[in-house]
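All letters in the sequence shown, in the order written, are residues 1 to 458 by the numbering used here.
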Amino acid sequence: MRQNNLRNIDVDLPHDRLTVVTGVSGSGKSSLVFDTLYAEGQRRYVETFSAYARQFLERMPRPAADRIDGLPPAVAVEQANPVRTSRSTVGTMTELTDHLKLLFAKAATLHCGSCGGEVVVEDAVHVADGVAALPAGTKVTLTFRLPPSGGLPFADQAKGLRAAGLTRLLDPGTGAVRDVSEIAEPAPDAPPLEIVADRFVAGTTDRSRVLGSAEQALHLGRDRVVLRVEDGRVLKFSRALHCAACDITYRPAQANLFSFNSPLGACPECRGFGRNVEMDLDAMIPDASKTLAKGAIRPWTTRATLPERRELEKFCGKRMIDMEVPWSQLPLVHRDAIVKGTDEFNGLTGWMKWLETKTYKMHVRVLLSRYRKYTLCPLCKGTRRRPESLLWKLDGRNVFEWETEPIERTLDRLVALRLTPQVEAVAKIIREAIESRLRYLTEVGLGYLTLDRATRTL
1 MRQNNLRNID VDLPHDRLTV VTGVSGSGKS SLVFDTLYAE GQRRYVETFS AYARQFLERM
61 PRPAADRIDG LPPAVAVEQA NPVRTSRSTV GTMTELTDHL KLLFAKAATL HCGSCGGEVV
121 VEDAVHVADG VAALPAGTKV TLTFRLPPSG GLPFADQAKG LRAAGLTRLL DPGTGAVRDV
181 SEIAEPAPDA PPLEIVADRF VAGTTDRSRV LGSAEQALHL GRDRVVLRVE DGRVLKFSRA
241 LHCAACDITY RPAQANLFSF NSPLGACPEC RGFGRNVEMD LDAMIPDASK TLAKGAIRPW
301 TTRATLPERR ELEKFCGKRM IDMEVPWSQL PLVHRDAIVK GTDEFNGLTG WMKWLETKTY
361 KMHVRVLLSR YRKYTLCPLC KGTRRRPESL LWKLDGRNVF EWETEPIERT LDRLVALRLT
421 PQVEAVAKII REAIESRLRY LTEVGLGYLT LDRATRTL
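Written as structure tokens, this is what we have:
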């Protein structure tokens, strides 16, 4: 054989055996396997067809060999990865990301981003349970804040409260209980009035009464009520996704909130890529010992950037910037002005932004690729998602943490996951679909991969 870099070699390959061809780069592996054995096998196979059929089939040239005997028809499987977008991952390719976001929307629990406590929807039953949990004989007051009236005079509001049987409130200044009729029109900047809905004695008051009063207070207080215990403790309850301790309201869980391919869940800073494209100043000024006059700014040393150099000279003349001083020795204020630009000079940053409007030209895209770099998104830290989507957790881990574990470990975690009967009834089908896909990937030997692994890196 004398194909390409093969030089008069003889090879005997046994049938019905697995033969592996290895060697250093340039040793002739591809020339032997693809350009000789596969090419000859394919050529002989194609010659078995009629002349009419052969015109539709790929025909390979005869390899440079004296004789090839006993060669069966050959099949070549080429390693190729057509995926180029960084949005494609193992999870999106297997649809596991879509199933996982549905599972989180149905089964995950919200944790406050401020205090870390679990945020749950609390109704009248939770309020009644809070009263029942207090020591017997403890006096407790149920209150709610009077919502904004929308311009309605306080006298009319007080009339409506009295009609509902609510005649007492906590004085915003002293905290004492007063009659609604004793309060004058509050100032616009005054704290919200706190209406007394009812008073209870733990262990004595009937539970049905607590439930009824709590339901009324939640309705009038726009889903928020407070239990004030006689020892000074304040227990806050909210029927919305609201952390009563931190006074923070969260949006309800939706499937797309957990997807980096959706505007609802993608990080607003990097738009779901996990990284940002920035100007690479080290590439633009690789040698800080050079002066501006001697070409310290590399991209402005070509003939095409003569206008930029003239603008730089003009700007340096106005600002009294010495172009014969090494870049590293220029004052920081001068370097910042050249890099970031001013009202009279675009600078390197402005020039790069101008180039980004010309990316329809191939040479501009090549130029930009030389002087830009990828940096980790400062907002999402590479998770690709909005910070609030990571506050939802399943088995103590957010959706990004589920995706960054090896598939085999994710399968074990899913199998061991315990949900409440109500949640399990809703999430059962989704959970089974995820488990089936994870098990298949593990059985075919891909359990070491992670769901966030970019497809183009496979």
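Glycine included, each C-beta is placed from N, C-alpha and C at the ideal position.
Beta-carbon contacts of residue i that lie in its chain and below 6 Å, excluding the five residues immediately before and after
i: leucine 6; result: Gly28 and Ser31
i: aspartate 123; result: Arg239
i: threonine 22; result: none
i: phenylalanine 260; result: Ala266, Gly272, Arg384 and Arg385
i: arginine 365; result: Thr359
Identity of the residue in the options nearest residue i by Cα
i: glutamine 216; options: Pro378, Gly130 and Gly165; result: Gly165
i: lysine 106; options: Gly445, Leu419, Arg453 and Ser436; result: Leu419
i: valine 119; options: Arg456, Pro406, Arg384 and Glu388; result: Glu388
i: glycine 469; options: Leu264, Glu278 and Met279; result: Outside the shown range of the chain, which is 1 to 458, sits residue 469, and nothing can be said about it.
i: glutamate 269; options: Arg298, Arg385 and Ile407; result: Arg385
i: cysteine 115; options: Met60, Glu95, Asp66 and Asp247; result: Asp247
i: glycine 137; options: Val201, Thr97 and Leu292; result: Val201
i: cysteine 377; options: Thr455, Pro61 and Asn276; result: Asn276
i: glutamate 308; options: Leu292, Leu411 and Arg456; result: Leu292
i: cysteine 112; options: Asp12, Pro72 and Ala245; result: Ala245
i: arginine 199; options: Leu220, Glu182, Arg222 and Arg228; result: Arg228
i: asparagine 4; options: Ile297, Val234 and Ala64; result: Ala64
i: threonine 92; options: Arg17, Cys380, Phe258 and His363; result: Phe258
i: aspartate 256; options: Leu458, Asp156, Val399 and Val444; result: Reading off the sequence shown, one finds asparagine at residue 256, where the question assumed aspartate. Answer by Cα proximity: Val399.
i: methionine 352; options: Arg54, Lys373 and Leu332; result: Lys373
i: glutamate 408; options: Ala337, Gly447, Asp206 and Pro421; result: Gly447
Contacts around residue i, its chain only, beta-carbon distance under 7 Å, and the 5 residues preceding and following it disregarded
i: alanine 74; result: Leu37, Tyr38, Gly41 and Gln42
i: asparagine 8; result: Arg2
Status (buried if at least 16 other CB within 10 Å, exposed otherwise) for residue i
i: glycine 160; result: exposed
i: isoleucine 430; result: buried
i: threonine 301; result: exposed
i: valine 226; result: buried
i: threonine 204; result: exposed
i: lysine 101; result: buried
i: leucine 312; result: buried
i: valine 210; result: buried
i: threonine 85; result: exposed
i: arginine 193; result: Correcting the residue type first, residue 193 is leucine in the shown sequence and not arginine. Buried: at least 16 other Cβ atoms inside 10 Å.
i: arginine 224; result: buried
i: alanine 51; result: exposed
i: alanine 214; result: buried
i: alanine 158; result: buried
i: leucine 451; result: buried
i: methionine 320; result: exposed
i: threonine 19; result: exposed
i: threonine 249; result: exposed
Residue i: first and last residue of the uninterrupted beta strand (DSSP E) it sits in
i: arginine 228; result: 224-229
i: isoleucine 195; result: 194-201
i: lysine 139; result: 139-145
i: glycine 154; result: It should be noted that the sequence gives phenylalanine, not glycine, for residue 154. Note, phenylalanine 154: premise wrong, no beta strand (DSSP E); alpha helix (DSSP H) at 154-163.
i: glutamate 432; result: No beta strand (DSSP E) contains glutamate 432, which is instead part of the alpha helix (DSSP H) from 421-443.
i: valine 121; result: No beta strand (DSSP E) holds valine 121; DSSP gives it neither H nor E.
Residues near residue i in its chain [Cβ-Cβ closer than 8 Å; skip 5 each side]
i: leucine 394; result: Leu103, Phe104, Ala107, Ala108, Thr109, Trp402 and Leu417
i: leucine 414; result: Arg431, Ile434, Glu435 and Leu438
i: valine 196; result: Thr141, Leu142, Thr143, Leu166, Arg168, Leu169, Leu170 and Val177
i: leucine 367; result: Pro299 and Leu355
i: serine 208; result: none
Bounding residues of the alpha helix (DSSP H) (the contiguous stretch that carries residue i)
i: threonine 301; result: Element bounds for threonine 301: n/a, residue is neither H nor E.
i: leucine 169; result: Taken as a continuous stretch (DSSP letters only), leucine 169 belongs to no alpha helix (DSSP H), being part of the beta strand (DSSP E) at 168-170.
i: valine 478; result: Past the boundaries of the shown model lies residue 478; the chain is included only from 1 to 458, so the question cannot be answered.
i: valine 366; result: 362-370
i: lysine 340; result: 332-340
i: leucine 235; result: Looking at the DSSP string, leucine 235 is not in any alpha helix (DSSP H); the run it does join, the beta strand (DSSP E), is 234-238.
i: tyrosine 448; result: Element bounds for tyrosine 448: n/a, residue is neither H nor E.
Residues bridged to residue i [DSSP beta-bridge criterion]
i: arginine 248; result: A small fix is needed here, since residue 248 is isoleucine in this sequence, not arginine. Looking at the DSSP assignment, isoleucine 248 forms a beta bridge with Cys243.
i: tryptophan 392; result: Leu110
i: methionine 279; result: Arg372
i: arginine 397; result: Leu394
i: proline 326; result: Thr291
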